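Peer 1: Quick one: this structure, given as structure tokens, is what I'll be asking you about.
In this note's numbering, the protein residues as written are 1 to 416.
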């Protein structure tokens with residue numbers, strides 16, 4: 001009889017990816033062969049997402065595919081945010097067990113014990129899980145879970161629970177031991193990172209300032225950007241100066257409706273501070289378009305921010321109403337056609353601004369972590385998150401390159 005086979009499917013954010021990696025590591029320890037593609041297996045684990053209605057729909061669809069592929073004898077365990085939001089629906093669909101978003105360590109326990117049914121638990125402390133395998137090119141280290149912000153449009157705090165953080169000793173040890181060329185520090189809200197001893201993200205960065213791996217931070221909040229924090233980042237020897245600073249709207253009125261605790265003026269001041277500390281920094285962002293209170297004038301303020309903040313890249317997407325949130329209860333949704341029109345306009349402005357940002361690096365030197373070689377070009381990302389295409393196969397180790405010009409969705413460069 002061969003080894004038991006498991007399939008692990010992940011939807012949603014990078015935190016889900018890290019947690020799935022931990023589950024896979026645990027399954028391999030238990031003797032399972034693991035695939036990330038739906039195929040015949042003894043066990044299926046679907047790590048779901050509920051950040052938007054579309055993500056929730058895809059989660060339900062994926063669980064359906066797993067149930068069909070597994071037939072009568074396979075166990076299907078559903079975990080993650082969609083499982084936390086509508087657990088009974090997945091049981092009714094035929095899932096063997098449903099684990100919420102706050103207790104994914106329970107997945108491995110259920111695999112060992114054969115437990116079934118609803119397995120939802122509220123987390124009050126950071127949940128340590130088996131460390132995922134360290135990937136050679138880019139590795140992700142989770143340091144925090146949950147969210148206390150309760151933005152009016154967002155369902156995640158209700159599903160992931162309150163913010164809780166890994167100890168600085170544990171997080172620093174994983175980062176310092178990383179053998180990947182780049183390590184991304186991630187969490188649901190890394191800006192809220194504070195461990196039980198009061199150590200914050202600034203303290204963690206100082207603890208890993210001599211790391212050999214290039215360190216990139218996940219999505220940040222405006223409140224994180226302080227002189228103390230920026231000074232700490234300047235002391236990190238291999239810090240990647242990309243700041244994914246969530247904007248969500250360029251209108252003060254909409255920001256207030258969203259329960260975002262800053263103004264457009266404060267946001268722009270934080271951008272100025274970043275550029276002063278890191279002149280070549282990339283500031284990337286998320287913008288929600290068509291929030292129910294957004295007028296044409298509000299949208300135009302978001303549009304103006306693209307150039308005013310000098311964004312290197314933007315992610316713009318239409319507002320998705322989420323049942324249970326304050327915005328869902330309080331506001332009437334704008335027409336989809338209007339939201340789509342505004343998204344298209346914003347994305348076009350973002351693409352133009354991205355080109356302007358990248359043109360500033362023509363003739364300059366960047367360090368690239370190669371990812372793959374396709375059609376005679378090695379592809380990878382620079383420290384400031386520019387997609388770089390290098391002529392020829394330059395291997396898989398970090399390499400210094402000179403930028404020659406714009407190319408596809410990034411720049412073309414040659415090895416120095």
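Cβ coordinates follow ideal geometry from the N, Cα and C atoms, glycine included.
Values in this document were obtained by computation on a predicted structure and should not be read as measured data.
Between which two residues does the beta strand (DSSP E) harbouring residue 6 extend?
Peer 2: Segment 5–10, the beta strand (DSSP E) holding residue 6.
Peer 1: In this structure, how does DSSP classify residue 296 when only helix, strand and coil are distinguished?
Peer 2: Here residue 296 sits in helix by DSSP.
Peer 1: Count the other CB atoms within 10 Å of the CB of residue 211; is the residue buried (16 or more) or exposed (fewer)?
Peer 2: By the neighbour-count rule (16 or more Cβ atoms within 10 Å), residue 211 is buried.
Peer 1: Pull up the DSSP beta-bridge partners for residue 415, would you.
Peer 2: Answer is 401, bridged to residue 415.
Peer 1: Take the Cβ of residue 57 as the centre, count every other Cβ of all protein chains shown within 10 Å, and call the residue buried at 16 or more, exposed below.
Peer 2: Flag for residue 57 reads exposed.
Peer 1: Please list the terminal residues of the continuous alpha helix (DSSP H) segment that includes residue 312.
Peer 2: Premise fails: residue 312 is in no alpha helix (DSSP H) and is neither H nor E.
Peer 1: Quick one: measure Cβ to Cβ for residue 41 and residue 65, integer angstroms, because I've assumed they're closer than 8 Å.
Peer 2: With a Cβ gap of about 12 Å, residue 41 and residue 65 do not count as contacting.
Peer 1: In angstroms, rounded to a whole number, what distance separates the CA positions of residue 415 and residue 402?
Peer 2: Their backbone Cα atoms lie some 6 Å apart in a straight line.
Peer 1: Residue 20 and residue 8 - do their beta-carbons sit closer together than 8 Å?
Peer 2: Result yes, Cβ atoms of residue 8 and residue 20 sit closer than 8 Å.
Peer 1: Work out the CA separation of residue 83 and residue 161 for me, nearest whole Å.
Peer 2: Roughly 14 Å between the two C-alpha positions.
Peer 1: Leaving aside the five residues before and after residue 412 along the sequence, list all residues of the same chain whose C-beta is less than 7 Å from its C-beta, in chain order.
Peer 2: Only 389, 404, 405 meet the Cβ criterion.
Peer 1: In whole angstroms, what separates the C-alpha of residue 197 from that of residue 228?
Peer 2: Each residue's alpha carbon lies about 19 Å from the other.
Peer 1: Between residue 12 and residue 255, what straight-line distance do the alpha-carbon atoms span, to the nearest angstrom?
Peer 2: Whole-angstrom Cα-Cα distance: 25 Å.
Peer 1: Buried or exposed for residue 30, going by 16 or more other Cβ atoms inside 10 Å?
Peer 2: Answer is exposed; the Cβ neighbour count stays below 16.
Peer 1: Using the Cβ count rule (16 or more neighbours within 10 Å means buried), how would you classify residue 307?
Peer 2: Exposed is the call here.
Peer 1: Could you confirm whether any beta carbon from chain B is found closer than 8 Å to the beta carbon of residue 237?
Peer 2: The displayed structure is made up of one protein chain only, and chain B is not part of it.
Peer 1: Checking the sheet assignment: what are the DSSP bridge partners for residue 164?
Peer 2: According to DSSP, which records beta bridges pairwise, residue 164 is partnered with 145.
Peer 1: Per DSSP, residue 186 forms a beta bridge with which residues?
Peer 2: 142, per the DSSP bridge assignment.
Peer 1: Report yes if the C-beta distance between residue 277 and residue 224 is below 8 Å; otherwise report no.
Peer 2: In this structure, residue 224 does not lie closer than 8 Å to residue 277 by Cβ.
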